[in-house]
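S.K.: Here you go, one structure.
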Amino acid sequence: MPDTMHLKVLLPSQTFVDMTGVLRLVAETSQGSIGFLPHRLDCVAALSPGILTYETASGGEVFIAVDEGVLVKAGFDVMVSVRRALSGKNLSKLHALVKQEFLILDEHEREIRSTMAKLETGFVGRLASFSHE
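In the working numbering, the protein residues as written are 21 to 153.
Laid out in structure tokens, this is it:
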């Protein structure tokens, strides 16, 4: 049997994937796609939002949509840490889920950051007016 990798995809609150027997893996970085085979040299890569693909002998190809994160390969272990992830075997359905989940959340996060910035500005302004009295 050929050497295989052990893949773990970690989210802030849970382990999303814990898979042994991974034959190959492809991830998206800011420099483009990067492929991993079991005997590839160890490395660390900053992941861009995109599709992470892995293949096992028993399950075939699996696609995971991931948010920004970090991938660490050490020996035959590959650890991926991301904020959000969705998996599926059908790329078109996964693409629709990504649009629905990730893009809506991104817009919501932008609204929250804008509101927080306004609150902070108001607080600092009031604090400054108190210090001048």
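No residue lacks a Cβ here, since even glycine has one placed at the ideal position from N, Cα and C. Just so it is clear, the structure is predicted and the values come from calculations on it, not from any experiment.
Kindly confirm or deny that the region 28-45 and the region 88-101 touch, where touching means at least three C-beta pairs closer than 8 angstroms.
M.R.: Yes: at least three Cβ pairs fall under 8 angstroms.
S.K.: Using 8 angstroms as the Cβ pair cut-off and three pairs as the minimum, do the region 39-56 and the region 69-89 touch?
M.R.: Judged by Cβ distances under 8 angstroms, the region 39-56 makes contact with the region 69-89, as three or more pairs qualify.
S.K.: Could you check the C-alpha separation between Met21 and Lys138 for me, to the nearest Å?
M.R.: Here Met21 scores only 45 on pLDDT, less than 50, and its place in the model is too uncertain to base an answer on.
S.K.: My output table needs one value for Glu88: the three-state DSSP class, helix, strand or coil.
M.R.: DSSP places Glu88 in coil when its eight states are reduced to three.
S.K.: Which class does Arg44 belong to by DSSP, given the choice of helix, strand or coil?
M.R.: Three-state DSSP puts Arg44 in a strand.
S.K.: Pick helix, strand or coil for Leu147, following the three-state DSSP scheme.
M.R.: Reduced to three states, the DSSP call for Leu147 is helix.
S.K.: Quick one: what does DSSP say His26 is sitting in, helix, strand or coil?
M.R.: Strand at His26.
S.K.: Take the Cβ of Gly89 as the centre, count every other Cβ of all protein chains shown within 10 Å, and call the residue buried at 16 or more, exposed below.
M.R.: So Gly89 counts as buried.
S.K.: Is DSSP giving Ser170 helix, strand or coil here?
M.R.: Residue 170 lies beyond the range of the chain shown here (21 to 153); nothing can be said about it.
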